[in-house]
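Here is the structure we will look at, set down as structure tokens.
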Amino acid sequence: MRQRVLIALASAVCLAVFPGIAAYAKKKNAEEARQFLQQIPKDQRIEQALNRLTFGARPDDAARVKAMGLKVWIDRQLHPDRIAENPVLLEKLKTLDTLTMTGDQLVRNYPTPQMVKQMVAGQMPFPTDPDKKMMIEKLVARYEKKGQQPNAGANPGANPNAPPDPAVLRAMLTDDQIRNLRRGTPEQRLAFFQTLPQAKQDDVVMVMPGVRQALVNAGSPELRRRIELISGPQQVVYRDLAESKVLRAIYSNRQLEEQMDDFWFNHFNVFVDKGADRYLVTDYERDAIRPHVLGKFRDLLEATAKSPAMLFYLDNWQSVGPNAPQPRGQGNKQKRGLNENYGRELMELHTLGVDNGYTQKDVTEVARCFTGWTINQPQRGGKFAFNPRLHDNGEKVVLGVTIPAGGGETDGEKVLDILARQPATARFISKKLAMRFVADDPPAALLDRMADAFLKSDGDIRQVMLTMIESKEFWSVGAYRSKMKSPLEMVASAVRSVNGNVDYATALMQQVAQLGEPLYRKLEPTGYSNSSKEWANSASLMARMNFALQLAGNKVPGVKVEVAQAAKPGDPLAGIPLGSPDFQKR
93 MRQRVLIALA SAVCLAVFPG IAAYAKKKNA EEARQFLQQI PKDQRIEQAL
143 NRLTFGARPD DAARVKAMGL KVWIDRQLHP DRIAENPVLL EKLKTLDTLT
193 MTGDQLVRNY PTPQMVKQMV AGQMPFPTDP DKKMMIEKLV ARYEKKGQQP
243 NAGANPGANP NAPPDPAVLR AMLTDDQIRN LRRGTPEQRL AFFQTLPQAK
293 QDDVVMVMPG VRQALVNAGS PELRRRIELI SGPQQVVYRD LAESKVLRAI
343 YSNRQLEEQM DDFWFNHFNV FVDKGADRYL VTDYERDAIR PHVLGKFRDL
393 LEATAKSPAM LFYLDNWQSV GPNAPQPRGQ GNKQKRGLNE NYGRELMELH
443 TLGVDNGYTQ KDVTEVARCF TGWTINQPQR GGKFAFNPRL HDNGEKVVLG
493 VTIPAGGGET DGEKVLDILA RQPATARFIS KKLAMRFVAD DPPAALLDRM
543 ADAFLKSDGD IRQVMLTMIE SKEFWSVGAY RSKMKSPLEM VASAVRSVNG
593 NVDYATALMQ QVAQLGEPLY RKLEPTGYSN SSKEWANSAS LMARMNFALQ
643 LAGNKVPGVK VEVAQAAKPG DPLAGIPLGS PDFQKR
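Numbering-wise (the working numbering), the sequence shown opens with residue 93 and increments by one.
Laid out in structure tokens, this is it:
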């Protein structure tokens with residue numbers, strides 16, 4: 093029965109979502125324009141605010157906002173520092189220790205196999221934390237036992253599901269112990285596992301991948317952490333990042349701040365799987381993005397420009413002037429030179445918008461201004477550095493403004509000043525914000541007012557957001573439930589709507605990826621789109637319904653929901669509301 097319902101609902105969702113989005117894109121007529129002038133009833137305003145400014149309402153959110161007053165609630169969301177963070181979230185984030193580490197600390201504590209090899213050779217220090225040091229020593233011993241070298245091709249986490257060697261198992265455990273670990277419920281297997289000495293526990297996790305998932309499902313956060321380390325320490329850094337984003341979206345009391353963090357990370361996108369960026373993205377989001385999400389755009393622009401993650405992603409750390417010294421022993425290799433990647437994306441994606449008043453000559457001149465903006469030892473989590481020997485110190489002209497020779501590092505800062513104050517930048521940023529929070533095709537009049545607020549406030553993002561939220565367009569029939577949730581919004585809102593308790597967010601993180609939005613893994617510098625059309629396809633809609641059924645049935649690992657909030661226990665239609673066309677809208 094459930095399968096038939098799913099197929100019928102998939103058809104319904106396609107009919108309900110696709111035509112609405114397509115019609116909105118193709119039919120921008122007078123009637124649609126009037127919808128942005130027609131206000132929604134007052135009793136729908138709290139719903140609209142929760143749909144747009146949060147990752148979805150929890151069962152008691154509407155009553156809480158009503159008691160507080162909608163205007164007061166919005167003001168508090170615009171000033172997240174005035175909101176006490178959810179202690180449940182803070183407790184869940186404690187285990188994810190990589191979130192507070194610098195890039196170089198991440199490299200030492202969660203090394204790749206190649207870095208383990210360097211530690212063994214004395215080229216890199218072992219972690220100072222005794223538990224992590226012991227774990228890495230165990231990995232080294234495991235390699236040596238197999239006659240391998242710890243390099244990129246000998247990754248202990250490369251095939252975590254490989255069957256165990258029977259001879260190794262029998263040398264480690266008795267037949268009865270092996271049976272106890274392989275049989276029974278996760279709780280029973282965990283209980284037996286905990287009777288083993290810790291050294292033997294680590295060995296079991298290493299050689300019995302089939303036991304790992306049972307232990308993850310039943311174990312404590314500390315045990316899950318040990319299992320993650322054994323499976324491959326370098327994987328922990330990304331997992332913490334992605335899990336923390338899901339946890340914050342679900343639990344944070346500062347919901348608008350989390351929406352803005354997601355918006356700005358995609359605006360200034362960095363691909364986590366590009367080389368050194370696997371260790372640089374953590375403090376990029378923490379130190380460059382998050383502190384400025386409702387601050388001054390100029391500050392945010394400079395923080396991202398000087399971030400090692402951005403410098404590495406768009407190759408600016410290798411961009412040098414014409415007189416820069418070349419590395420020794422380069423032979424016939426191509427010489428270093430000017431790299432225009434960052435200069436182009438800075439104007440095209442970060443400020444002015446595509447083909448919006450700049451020329452190829454401007455791209456080259458901007459790139460010249462940023463030569464010498466580099467990273468000290470990027471592969472070891474290094475920091476931003478300006479190297480004057482690599483800088484093109486000649487005169488530049490950017491958008492008609494002359495930048496005198498001899499400016500050094502300030503050449504790049506002057507470019508940021510010029511771009512941050514351009515009317516085209518104000519319009520471009522305003523449009524992207526309105527697309528995220530109002531409609532895929534926001535009215536021009538709204539963009540005019542937002543851009544004007546941007547320019548008059550010297551790029552104050554909070555003021556631009558307030559202008560948008562106070563607009564008639566934000567509270568209009570044209571905006572109300574007109575957008576489709578992104579995968580992250582869908583997953584987070586579904587868990588929030590049923591008061592889900594997330595013990596660990598790995599399965600939710602993977603679900604977001606399966607729906608089309610692998611977190612931090614958008615390869616292109618565009619980031620994930622703010623447009624609903626990005627997410628409207630039949631495969632994704634079917635996957636959303638499958639997830640809703642799994643969630644309502646308490647079948648998502650690491651998540652427990654209040655079944656009464658989802659459906660009656662045993663109901664074959666449990667979860668259907670969460671997968672319905674209506675729930676996909678925001």
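We treat Cβ as the ideally placed atom computed from N, Cα and C, and that holds for glycine.
Because the structure is a prediction, the values reported are computed rather than measured.
- As summarised for the region 461-523, the continuous alpha helix (DSSP H) elements at least 4 residues long and confined to that stretch are 502-512, given in chain order.
- If you check the CB distance, residue 474 and residue 400 come in under 8 Å.
- If you look at residue 411, you'll find it isn't in any alpha helix (DSSP H); DSSP assigns it neither H nor E.
- For residue 635, the enclosing alpha helix (DSSP H) has its first and last residue at 630-644.
- For residue 350, the enclosing alpha helix (DSSP H) covers residues 347-359.
- Taking 8 Å as the cut-off, the beta carbon of residue 559 is found closer than this to the beta carbon of residue 545.
- Assignment of residue 131 by DSSP, reduced to helix, strand and coil, places it in the strand class.
- With a cut-off of 8 Å on Cβ pairs, the region 451-458 is not in contact with the region 354-366, counting fewer than three such pairs.
- Taking 8 Å as the cut-off, the beta carbon of residue 460 is found no closer than this to the beta carbon of residue 441.
- Taking the Cα positions, residue 610 is about 14 Å away from residue 332.
- Under DSSP, residue 199 takes part in no beta bridge, so it has no partner.
- Note on residue 526: 16 or more other CB atoms within 10 angstroms of its CB, so buried under the neighbour-count rule.
- Taking a contact to require three or more Cβ pairs closer than 8 Å, the region 331-348 and the region 158-176 qualify as touching.
- Contact between the region 584-593 and the region 308-324 is absent, with fewer than three C-beta pairs closer than 8 Å.
- Proximity of the region 210-223 to the region 374-392 falls short of the contact definition, fewer than three beta-carbon pairs being nearer than 8 Å.
- Counting along the chain, residue 165 sits inside the alpha helix (DSSP H) bounded by residues 162-170.
- Taking C-alpha positions only, residue 436 is separated from residue 383 by approximately 25 Å.
- A contact is defined here as three or more CB-CB pairs under 8 Å, and the region 553-572 fails this definition with respect to the region 630-640.
- Contact between residue 317 and residue 187 holds, with the beta-carbon distance rounding to 6 Å and staying under 8 Å.
- The beta carbons of residue 463 and residue 411 sit closer together than 8 Å.
- A straight-line Cα-Cα distance of about 26 Å links residue 542 and residue 493.
- Secondary structure of residue 532 (DSSP, three-state): coil.
- The Cβ atoms of residue 224 and residue 201 lie closer than 8 Å to each other.
- Here DSSP, grouped into helix, strand and coil, assigns residue 624 to helix.
- 8 Å or more divides the Cβ of residue 597 from the Cβ of residue 180.
- For residue 506 and residue 676, the gap between their C-alpha atoms comes out near 44 Å.
- By the C-beta criterion, the region 304-311 is judged not to be in contact with the region 126-143, since fewer than 3 inter-stretch pairs fall below 8 Å.
- For residue 374, the enclosing alpha helix (DSSP H) has its first and last residue at 369-375.
- Cβ-Cβ distances below 6 Å link residue 600 to 338, 583 in the same chain, with the five nearest sequence neighbours on each side left out; the list follows chain order.
- If you compare the alpha carbons of 371, 353, 409 with that of residue 483, the shortest gap goes to 409.
- For the pair residue 511 and residue 522, the CB atoms are not nearer than the 8 Å cut-off.
- For the pair residue 148 and residue 626, the CB atoms are not nearer than the 8 Å cut-off.
- The DSSP-derived three-state label of residue 593 is strand.
- Secondary structure at residue 216: coil, using DSSP grouped into helix, strand and coil.
- In the three-state DSSP reduction, residue 587 falls in the helix class (H, G or I).
- Nearest to residue 127 by C-alpha distance, out of 605, 547, 227, 530, is 530.
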